[in-house]
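So the sequence lines, in the order shown, correspond to chains A and B. Residue 70 in my numbering sits at position 70 of the first sequence, and the numbers go up by one each step. Residue 88 in my numbering sits at position 88 of the second sequence, and the numbers go up by one each step. Idealized CB from N, CA, C, for every residue including glycine.
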Amino acid sequence: MLEVFIFATLNGLVTGLLLFMLASGLTLIFSMMGVLNFAHASFYMLGAYFAYSISLQFGFWLGLIFAPLIVGCLGAAVERYGLRRVHESGHVAELVFTFGLAFLIEEAIQFFWGPDTKNYQSPDILDFPLFTLFGQEFSAYRGFMIGVSVLIFIGLFRVLTRSRIGIIIQAAITHPNTVANLGHNVPLIFMGVFGVGTALAGLAGVIAGPVLTTFPGMAIVLGSIVFVIVVIGGLGSLAGAFIASLLIGLLQSYAIASDVGMPDLLNFLGVSFERDHPLNDLWTMTLPQIAPILPFLLLVLVLIFRPTGLMGNREE
Amino acid sequence: MLEVKDLHAYYGKSHILQGVNFNVQQGEIVSLLGRNGVGRSTTVKTIMGEVAPEGSIKFKGEEIAGKKSFEIAHLGLGYVPENRDIFPTLTVRQNLVLGMKSTKSEGRWNIEEMFKMFPNLGERADVHGGVLSGGEQQMLCMCRTLMGDPDMIMIDEPTEGLAPKIVEQVALLLQEIAKRGVAILLVEQKLSIALKISHRLYVMGHGKIVYEGTPDSLLKANEIRSEWLEV
Ligand SMILES: Nc1ncnc2c1ncn2[C@@H]1O[C@H](COP(=O)(O)OP(=O)(O)OP(=O)(O)O)[C@@H](O)[C@H]1O
Ligand SMILES: [Mg+2]
Numbered sequence: 001m002l003e004v005f006i007f008a009t010l011n012g013l014v015t016g017l018l019l020f021m022l023a024s025g026l027t028l029i030f031s032m033m034g035v036l037n038f039a040h041a042s043f044y045m046l047g048a049y050f051a052y053s054i055s056l057q058f059g060f061w062l063g064l065i066f067a068p069l070i071v072g073c074l075g076a077a078v079e080r081y082g083l084r085r086v087h088e089s090g091h092v093a094e095l096v097f098t099f100g101l102a103f104l105i106e107e108a109i110q111f112f113w114g115p116d117t118k119n120y121q122s123p124d125i126l127d128f129p130l131f132t133l134f135g136q137e138f139s140a141y142r143g144f145m146i147g148v149s150v151l152i153f154i155g156l157f158r159v160l161t162r163s164r165i166g167i168i169i170q171a172a173i174t175h176p177n178t179v180a181n182l183g184h185n186v187p188l189i190f191m192g193v194f195g196v197g198t199a200l201a202g203l204a205g206v207i208a209g210p211v212l213t214t215f216p217g218m219a220i221v222l223g224s225i226v227f228v229i230v231v232i233g234g235l236g237s238l239a240g241a242f243i244a245s246l247l248i249g250l251l252q253s254y255a256i257a258s259d260v261g262m263p264d265l266l267n268f269l270g271v272s273f274e275r276d277h278p279l280n281d282l283w284t285m286t287l288p289q290i291a292p293i294l295p296f297l298l299l300v301l302v303l304i305f306r307p308t309g310l311m312g313n314r315e316e
Numbered sequence: 001m002l003e004v005k006d007l008h009a010y011y012g013k014s015h016i017l018q019g020v021n022f023n024v025q026q027g028e029i030v031s032l033l034g035r036n037g038v039g040r041s042t043t044v045k046t047i048m049g050e051v052a053p054e055g056s057i058k059f060k061g062e063e064i065a066g067k068k069s070f071e072i073a074h075l076g077l078g079y080v081p082e083n084r085d086i087f088p089t090l091t092v093r094q095n096l097v098l099g100m101k102s103t104k105s106e107g108r109w110n111i112e113e114m115f116k117m118f119p120n121l122g123e124r125a126d127v128h129g130g131v132l133s134g135g136e137q138q139m140l141c142m143c144r145t146l147m148g149d150p151d152m153i154m155i156d157e158p159t160e161g162l163a164p165k166i167v168e169q170v171a172l173l174l175q176e177i178a179k180r181g182v183a184i185l186l187v188e189q190k191l192s193i194a195l196k197i198s199h200r201l202y203v204m205g206h207g208k209i210v211y212e213g214t215p216d217s218l219l220k221a222n223e224i225r226s227e228w229l230e231v
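Below, the structure is given as structure tokens:
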């Protein structure tokens, strides 16, 4: 029992941190633009594919460094030559633009890399068990994922709260005109934030690709959960996004690891049904089966009881 | 220093500035007076590039009409808006850092000196700007703009809603700014402070300059005061 709990917690942590790497960029970009970037997870997918291609030639580590850089530059270019122009036509146009971009990236990936799953592998040096507990192994690669995420977040946090550029970014998000009047080039700052946000998504793709498989649907799988997270956390709140990411990562992981289901509940209540009962599927459902929809259930609950999200304070 | 010629500006279809002409010379304190809604704030916003200008605005001999706000700020024109946009979640010190255009600028002003000049701000250096009083916020806002070491500063209604004692302090700071060779365009409603510290004054009415003079001449011009200033 204890080992199940410990491993579920560790795996939940891996997922949660990975989700936050996407959610943090999405949240920052949302605070700036005022709209959700539906193509955000597409940059995550691009990260995985670029890293895959680079790793074939030059190995995993160069992919780890260069794929996020390339994705970040692409993101900055999308902001500079796409979103900034569309911005003048209002929020709806921006939303439609990011939707279109998501489709475009998915099509482009199918065109260049094909529709099948890529054999993107974690590096050999990390192919050993980090530790063994109760006869179960925790892979070094997962430990590496945790390490990279934590390092990135500490760095991001320090830059945002301590450095001059972080102060300028914080102020530019809420008071763009005032910051411009003080002599700061706000559009350039926004382009930079967009670039860093997409580079983070790319980095998430690089490190998640080998574990969550690299295929053209990976953006949609993770993207929908990331949107759920930023809404649950409270749109625009980094702290909220962090809490919601870990919450969902852990929740899903516990659900998958658990072996309870409706039969246990019914037994406990002393009720039983015949095998040919019309709702048999419902009575035999197990928690691991519904794990994928748990984030959405949580979303519904949050929207009912706390519509602004956990840490949100937008009044609208 | 600043030379505005035949400046027009619009909000949508409404023609707010209808040919504004005035100038500010180096080291001068010049006041722009007028009743509510005549377009004084619009004038400074237009100079700063927040509202699209038509006409000519020359700063230090360079045409700045059509330039972006941050470029104009970099040329050395500072602006303190009327809404006192301090950043409530940043500390007083961070607010000041934000005013600096680069990390190494050694200009006329530095943070420690400002804290000495305004002990109120110094004591609250690490407190969030949002908890300051209105007067302290106004001081912070002016100091923040000064941190960018402008050669001229435009200040929109710095004394609005402040107690008489604080108005005194604002007047002292303005004189200190001028003493260091920074030209000031002061947008005001209160005649008293404008008459006390200005070298020259302009009165604005309905999108145009309707009077230009000195504090002495304005004191004598009774009709102008009753037609354009007194309520
Ligand atoms: N954003 C805006 N959109 C449309 N009209 C505006 C806007 N801002 C100001 N106006 C109008 O432009 C005119 C001039 O406004 P402005 O703010 O320049 O006045 P002001 O002289 O600074 O007066 P005060 O600050 O005392 O209100 C006013 O009639 C005002 O209603
Ligand atoms: Mg005004």
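To which residues of the same chain is Tyr79 of chain B closer than 6 Å at the C-beta, ignoring the five residues directly before and after it?
Taking the first residue of the second sequence as 1, we reach residue 79 of chain B at position 79. Cβ neighbours of Tyr79 of chain B beyond the five flanking positions: Met48 and Met154.
Leaving out five residues before and five after Phe50 of chain A in sequence, what residues of the same chain have Cβ atoms less than 6 Å from its Cβ?
Taking the first residue of the first sequence as 1, we reach residue 50 of chain A at position 50. Hits under 6 Å: Ala67 and Ile70.
For Phe115 of chain B, is the classification buried or exposed, using 16 other Cβ atoms within 10 angstroms of its Cβ as the cut-off for buried?
Translated into the one-based positions of the second sequence, residue 115 of chain B becomes position 115. It counts as buried.
Pro53 of chain B, enclosing alpha helix (DSSP H) - first and last residue
The residue you call residue 53 of chain B lines up with position 53 of the second sequence. From DSSP, Pro53 of chain B is part of no alpha helix (DSSP H); its letter is neither H nor E.
Determine the direct distance from the alpha carbon of Ala108 of chain A to that of Gln252 of chain A, and round the result to whole angstroms.
Locating residue 252 of chain A in the first sequence gives position 252, counting from the first residue. Locating residue 108 of chain A in the first sequence gives position 108, counting from the first residue. Answer to the nearest angstrom: the Cα atoms are 31 Å apart.
Going by the C-beta, is Asp85 of chain B closer than 7 Å to any heavy atom of ligand 2?
Here the question's residue 85 of chain B lines up with position 85 in the second sequence. Flag unset: Cβ of Asp85 of chain B not near ligand 2.
Bridge partners of Val187 of chain B, per DSSP?
Indexing the second sequence from 1 puts residue 187 of chain B at position 187. Beta-bridge pairing links Val187 of chain B to B:Leu32 and B:Asp156.
Ligand 2 and Ser198 of chain B: does any heavy atom of the ligand fall closer than 7 Å to the residue's C-beta?
By one-based count along the second sequence, residue 198 of chain B stands at place 198. Result no, Cβ not under 7 Å from ligand 2.
Is Tyr11 of chain B close to chain A, meaning its C-beta is less than 8 Å from at least one C-beta of that chain?
Translated into the one-based positions of the second sequence, residue 11 of chain B becomes position 11. By this cut-off, Tyr11 of chain B is not an interface position.
Tell me, please, whether the CB atom of Glu315 of chain A is closer than 8 Å to any CB atom in chain B?
Within the first sequence, residue 315 of chain A is the residue found at index 315, counting from 1. Legend: pLDDT at Glu315 of chain A = 46, less than 50; position of this residue unreliable, value from coordinates given subsequently. Chain B contact via Cβ: absent.
Glu316 of chain A to Glu63 of chain B span [Cα, whole Å]
On the first sequence, position 316 is the one that residue 316 of chain A refers to. On the second sequence, position 63 is the one that residue 63 of chain B refers to. Because Glu316 of chain A carries a pLDDT of 41, less than 50, the predicted location of this residue cannot be relied on, and no value is offered for it.
Extent of the continuous beta strand (DSSP E) to which Ser258 of chain A belongs:
Here residue 258 of chain A corresponds to residue number 258 of the first sequence, with the count starting at 1. Where Ser258 of chain A is concerned, there is no enclosing beta strand (DSSP E), given that its DSSP letter is neither H nor E.
CB contact below 8 Å: Ile173 of chain A versus chain B
By one-based count along the first sequence, residue 173 of chain A stands at place 173. So, not an interface residue.
Using the Cα positions of Thr320 of chain A and Ser122 of chain A, report the straight-line distance between them to the nearest angstrom.
Shown here, chain A extends from 1 to 316; a query on residue 320 of chain A therefore has no answer.
Can you tell me whether Tyr211 of chain B sits near ligand 1, meaning its C-beta is under 7 Å from at least one heavy atom of the ligand?
Here residue 211 of chain B refers to the residue found at position 211 of the second sequence. No - ligand 1 has no heavy atom lying nearer than 7 Å to the Cβ of Tyr211 of chain B.
I'd like to know whether the C-beta of Leu10 of chain A is nearer than 8 Å to at least one C-beta of chain B.
Within the first sequence, numbered from 1, the residue matching residue 10 of chain A stands at position 10. Chain B, which has no Cβ nearer than 8 Å to the Cβ of Leu10 of chain A, makes this no.
Using the beta-carbon count (16 or more within 10 Å), is Pro53 of chain B buried or exposed?
Start at 1 with the first residue of the second sequence, and residue 53 of chain B comes out as number 53. Buried: at least 16 other Cβ atoms inside 10 Å.
Could you pull the start and end residues of the alpha helix (DSSP H) that Thr132 of chain A belongs to?
Counting from one through the first sequence, the residue named residue 132 of chain A turns up at place 132. Note, Thr132 of chain A: premise wrong, no alpha helix (DSSP H); beta strand (DSSP E) at Pro129 to Leu133.
Please work out which residues of its chain come closer than 7 Å, Cβ to Cβ, to Ile197 of chain B, disregarding the five sequence neighbours upstream and downstream, and give them in chain order.
Here residue 197 of chain B refers to the residue found at position 197 of the second sequence. Excluding sequence neighbours, Ile197 of chain B sits near Ile29, Ala171, Leu174 and Gln175.
Contact the stretch 97-111 of chain A vs the stretch 36-46 of chain A: 3+ CB pairs below 8 Å
yes
Sort A:Asp127, A:Leu46, A:Leu247 and A:Glu88 by Cα distance to Phe144 of chain A and report the nearest one.
As a first step, residue 144 of chain A must be located in the first sequence, where it is residue number 144. Residue A:Asp127 is the option with its Cα nearest to Phe144 of chain A.
CB-CB under 7 Å to Glu157 of chain B, same chain, minus the five flanking residues each way: which ones, in chain order?
Here residue 157 of chain B corresponds to residue number 157 of the second sequence, with the count starting at 1. Glu82, Val187, Glu188 and Gln189, listed in sequence order.
Give me the Cα-Cα distance between Ile111 of chain B and Leu156 of chain A, rounded to the nearest whole angstrom.
What you label residue 111 of chain B is simply residue 111 of the second sequence in a count that begins at 1. What you label residue 156 of chain A is simply residue 156 of the first sequence in a count that begins at 1. If I take the Cα positions, the gap works out to 27 Å.
Which class does Glu316 of chain A belong to by DSSP, given the choice of helix, strand or coil?
In the first sequence, counting from the first residue as 1, residue 316 of chain A sits at position 316. Caution applies to Glu316 of chain A, whose pLDDT of 41 falls short of 50 and renders its modelled position unreliable; the model cannot decide the point.
Using a Cβ-based criterion (distance less than 7 Å to any ligand heavy atom), does Glu82 of chain B qualify as near ligand 1?
Working through the second sequence from its first residue, we reach residue 82 of chain B at position 82. Yes; taking the cut-off as 7 Å, the Cβ of Glu82 of chain B has a heavy atom of ligand 1 nearer than that.
Please report how far the alpha carbon of Gly213 of chain B lies from the alpha carbon of Glu79 of chain A, in whole angstroms.
Taking the second sequence and counting its residues from 1, the one referred to as residue 213 of chain B is at position 213. Taking the first sequence and counting its residues from 1, the one referred to as residue 79 of chain A is at position 79. For Gly213 of chain B and Glu79 of chain A, the distance between alpha carbons rounds to 50 Å.
What residues of chain A sit near Phe115 of chain B, judged by a beta carbon separation below 9 Å?
Residue numbering aside, residue 115 of chain B sits at position 115 when the second sequence is read from its first letter. In chain order: nothing, as chain A lies at least about 18 Å away.
Terminal residues of the beta strand (DSSP E) in which Ala9 of chain B lies
Here the question's residue 9 of chain B lines up with position 9 in the second sequence. Residues Leu2 to Tyr11.
N- and C-terminal bounds of the alpha helix (DSSP H) containing Met21 of chain A:
Looking up residue 21 of chain A in the first sequence gives position 21. Per DSSP, Met21 of chain A belongs to the alpha helix (DSSP H) from Leu2 to Met33.
Tell me, please, which residues DSSP counts as bridged to Met204 of chain B.
In the second sequence, the residue the question calls residue 204 of chain B occupies position 204. Answer is B:Ile209, bridged to Met204 of chain B.
Keeping to the same chain, check which residues put their C-beta closer than 6 Å to that of Leu195 of chain B; ignore five residues upstream and five downstream.
In the second sequence, residue 195 of chain B corresponds to position 195, counting from 1. Answer for Leu195 of chain B: Pro215, listed in chain order.
For a test of your reading of the model: does the CB of Asn181 of chain A fall under 7 Å from any non-hydrogen atom of ligand 1? Yes or no.
Start at 1 with the first residue of the first sequence, and residue 181 of chain A comes out as number 181. Asn181 of chain A: no, Cβ never under 7 Å from ligand 1.
Partners in chain B for Ile168 of chain A, counting only beta-carbon separations shorter than 7 Å
Working through the first sequence from its first residue, we reach residue 168 of chain A at position 168. Leu98, listed in chain order.
According to DSSP, is Gln136 of chain A helix, strand or coil?
Looking up residue 136 of chain A in the first sequence gives position 136. The answer is strand: DSSP assigns Gln136 of chain A an E or B state.
Bounding residues of the alpha helix (DSSP H) (the contiguous stretch that carries Gly76 of chain B):
As a working note, residue 76 of chain B is residue 76 in the second sequence. Per DSSP, Gly76 of chain B belongs to no alpha helix (DSSP H) and is neither H nor E.
Just grab the DSSP bridge partners of Asn23 of chain B for me.
Here residue 23 of chain B corresponds to residue number 23 of the second sequence, with the count starting at 1. The partner list for Asn23 of chain B (beta bridge, DSSP) reads B:Glu3.
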